[in-house]
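Residue numbers (our numbering): 147 to 674.
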């Protein structure tokens with residue numbers, strides 16, 4: 147730290163109005179560049195119980211910077227040209243995100259630009275005091291859908307299992323199948339809003355801030371932050387268990403209204419209390435014993451001495467160059483023609499034939515609560531039966547666009563949530579069923595619950611490609627968004643029951659026979 151004193155008087159450095167104007171212009175043009183990604187982020191905050199805490203994260207980041215005021219006003223900011231390099235990296239990522247309309251990439255590239263701006267203005271000395279405040283901003287960015295959905299489902303399963311344990315601790319029988327808790331006369335589904343993500347992410351952000359302020363060694367800080375994960379999971383599981391007990395006693399009214407909100411608030415307060423207790427306990431461990439207030443170490447900046455001499459900062463050249471760059475990029479981004487996604491013509495699944503040779507089908511409907519979670523554009527759900535009364539459940543979900551996070555859902559994630567255990571998951575090539583010049587390759591899943599067994603085939607049919615890996619699906623969505631301006635696609639899934647007198651090999655023959663009759667029709671509904 148550089149301390150400047152003149153005749154025993156402290157010299158502090160202030161930012162004049164002219165420099166504030168340049169800083170503001172740089173930030174405004176940054177927002178203009180990243181507007182689409184930032185607007186979508188705020189939209190998610192506004193409409194999601196999981197991410198509505200995001201509004202408070204920028205406020206917390208600004209507070210952490212303000213908390214360093216006494217140190218920062220004594221420093222001479224020289225700026226760093228490395229900041230300009232980081233901004234260039236962020237802009238490069240922005241153009242990738244813009245071409246692919248992948249909002250998550252645009253949001254993270256905005257943070258990279260903020261890091262570059264901070265470094266270009268303060269230089270390394272000031273950046274060492276402020277980088278934590280920028281790192282906190284990571285918590286305001288919503289997870290991309292292909293991470294959020296599997297994580298939510300895993301937490302639903304864990305919370306259901308632990309919630310069932312809580313119920314049994316009170317002497318009440320509870321059977322847990324996937325994310326369904328069966329109380330005998332009542333069944334509760336631990337759906338996406340009950341997964342615990344709505345408390346996990348805010349608690350992690352709070353734990354991050356608490357660990358930052360904690361006056362202790364690194365392992366204690368890491369423990370405070372990482373412990374928020376099991377705290378949130380166990381607290382949510384306890385809430386689910388207690389909710390089930392109240393439903394058992396008072397009926398379904400416990401699932402809504404004041405009682406439901408009260409249990410949610412109580413869990414949050416209890417979780418914060420556990421974190422505070424952790425801080426108090428960790429403050430007592432080690433050579434130096436600290437009280438709770440000493441351990442938290444939250445300090446507010448002191449007023450600048452009235453007799454301090456004031457010097458006004460000049461704008462560092464790296465920051466000025468970075469600001470000019472952002473203005474140029476903003477003008478370019480505004481002048482680029484808007485890309486309208488290609489949406490190829492196709493038939494709707496309402497026209498799909500319900501008679502495929504000797505297989506006759508009956509359509510079913512998906513409940514609205516599940517449709518809201520899937521966010522699909524078209525689908526077919528049908529039961530096909532042959533002359534021997536053997537049944538195959540046929541399902542296709544189709545998305546016109548998968549740019550904004552809405553994308554096909556993998557049965558690999560959905561089976562466990564329905565109480566089905568995957569006992570085998572392999573790939574299988576269906577000889578005689580051609581897609582282009584190649585035989586159809588599918589995922590083959592053997593699933594079981596209790597004594598019931600099923601065989602499932604599924605694959606992802608995406609813009610002329612047959613894909614069996616859900617992560618490759620995401621890559622090709624990004625690639626085709628850039629080079630083909632298309633992100634439409636579908637997931638095809640077939641399931642058949644294994645009868646007591648059958649083996650999985652018999653079911654393989656049945657599914658293969660059905661797909662041979664089905665495959666010629668799919669291209670009219672799933673464009674290549």
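Note that CB positions come from ideal geometry on N, CA and C, so glycine has one too.
Reduced DSSP secondary structure (H/G/I, E/B, other) of residue i
{"i": "residue 569", "result": "strand"}
{"i": "residue 259", "result": "helix"}
{"i": "residue 528", "result": "strand"}
{"i": "residue 196", "result": "coil"}
{"i": "residue 395", "result": "helix"}
{"i": "residue 493", "result": "coil"}
{"i": "residue 523", "result": "coil"}
{"i": "residue 671", "result": "coil"}
{"i": "residue 447", "result": "coil"}
{"i": "residue 103", "result": "Residue 103 cannot be examined here, being either before or after the span of the chain that is shown, 147 to 674."}
{"i": "residue 472", "result": "helix"}
{"i": "residue 558", "result": "helix"}
{"i": "residue 504", "result": "coil"}
{"i": "residue 546", "result": "coil"}
{"i": "residue 510", "result": "coil"}
{"i": "residue 155", "result": "strand"}
{"i": "residue 150", "result": "The predicted position of residue 150 is uncertain, since its pLDDT is 49 and thus under 50; no value can be drawn from it."}
{"i": "residue 578", "result": "strand"}
{"i": "residue 537", "result": "strand"}
{"i": "residue 632", "result": "coil"}
{"i": "residue 160", "result": "strand"}
{"i": "residue 661", "result": "helix"}
Residue j beta carbon less than 8 Å from that of residue i
{"i": "residue 301", "j": "residue 343", "result": "yes"}
{"i": "residue 207", "j": "residue 236", "result": "no"}
{"i": "residue 603", "j": "residue 640", "result": "yes"}
{"i": "residue 543", "j": "residue 636", "result": "yes"}
{"i": "residue 257", "j": "residue 233", "result": "no"}
{"i": "residue 579", "j": "residue 665", "result": "yes"}
{"i": "residue 676", "j": "residue 389", "result": "A question about residue 676 goes unanswered here, because the residues of the chain that appear run from 147 up to 674."}
{"i": "residue 529", "j": "residue 539", "result": "yes"}
{"i": "residue 468", "j": "residue 262", "result": "yes"}
{"i": "residue 226", "j": "residue 464", "result": "yes"}
{"i": "residue 341", "j": "residue 381", "result": "no"}
{"i": "residue 199", "j": "residue 371", "result": "no"}
{"i": "residue 203", "j": "residue 289", "result": "no"}
{"i": "residue 607", "j": "residue 668", "result": "yes"}
{"i": "residue 565", "j": "residue 595", "result": "yes"}
{"i": "residue 239", "j": "residue 251", "result": "yes"}
{"i": "residue 329", "j": "residue 320", "result": "yes"}
Boundaries (first-last residue) of the beta strand (DSSP E) holding residue i
{"i": "residue 598", "result": "598-608"}
{"i": "residue 635", "result": "635-643"}
{"i": "residue 592", "result": "584-595"}
{"i": "residue 461", "result": "Careful: residue 461 lies outside any beta strand (DSSP E) and carries neither H nor E."}
{"i": "residue 323", "result": "321-323"}
{"i": "residue 613", "result": "611-613"}
Contacting residues, own chain, Cβ-Cβ under 7 Å from residue i (five flanking each side not counted)
{"i": "residue 650", "result": "592, 601 and 644"}
{"i": "residue 414", "result": "345"}
{"i": "residue 211", "result": "276 and 279"}
{"i": "residue 494", "result": "524"}
{"i": "residue 155", "result": "453, 454 and 455"}
{"i": "residue 173", "result": "none"}
{"i": "residue 438", "result": "425, 426 and 429"}
Heavy atom of the ligand MN within 7 Å of residue i beta-carbon
{"i": "residue 364", "result": "The ligand MN is not among the ligands present in this structure, which contains no ligands whatsoever."}
Opening and closing residue of the alpha helix (DSSP H) in which residue i lies
{"i": "residue 206", "result": "202-212"}
{"i": "residue 215", "result": "215-218"}
{"i": "residue 619", "result": "616-629"}
{"i": "residue 230", "result": "227-246"}
{"i": "residue 171", "result": "163-179"}
{"i": "residue 294", "result": "291-315"}
Own chain partners of residue i with C-beta closer than 6 Å, once the 5 adjacent residues on each side are dropped
{"i": "residue 162", "result": "458"}
{"i": "residue 359", "result": "442, 443 and 444"}
{"i": "residue 429", "result": "436 and 441"}
{"i": "residue 357", "result": "367, 370 and 371"}
Same chain, Cβ closer than 8 Å to residue i, five either side skipped, listed in chain order
{"i": "residue 663", "result": "502, 503 and 505"}
{"i": "residue 527", "result": "509, 510, 511, 512, 539, 540 and 541"}
{"i": "residue 648", "result": "none"}
{"i": "residue 408", "result": "none"}
{"i": "residue 167", "result": "none"}
Three or more C-beta pairs under 8 Å: does that hold for the region 562-572 against the region 512-523?
no
I want to know whether the region 212-229 touches the region 263-270 - three or more CB-CB distances under 8 Å.
yes
Do the region 500-513 and the region 607-615 make contact, defined as three or more Cβ pairs closer than 8 Å?
no
Using 8 Å as the cut-off, can you tell me whether the region 468-482 makes contact with the region 288-302, which would need three or more C-beta pairs spanning the two stretches below that distance?
no
The region 156-173 / the region 303-315 touching (three or more Cβ pairs under 8 Å):
no
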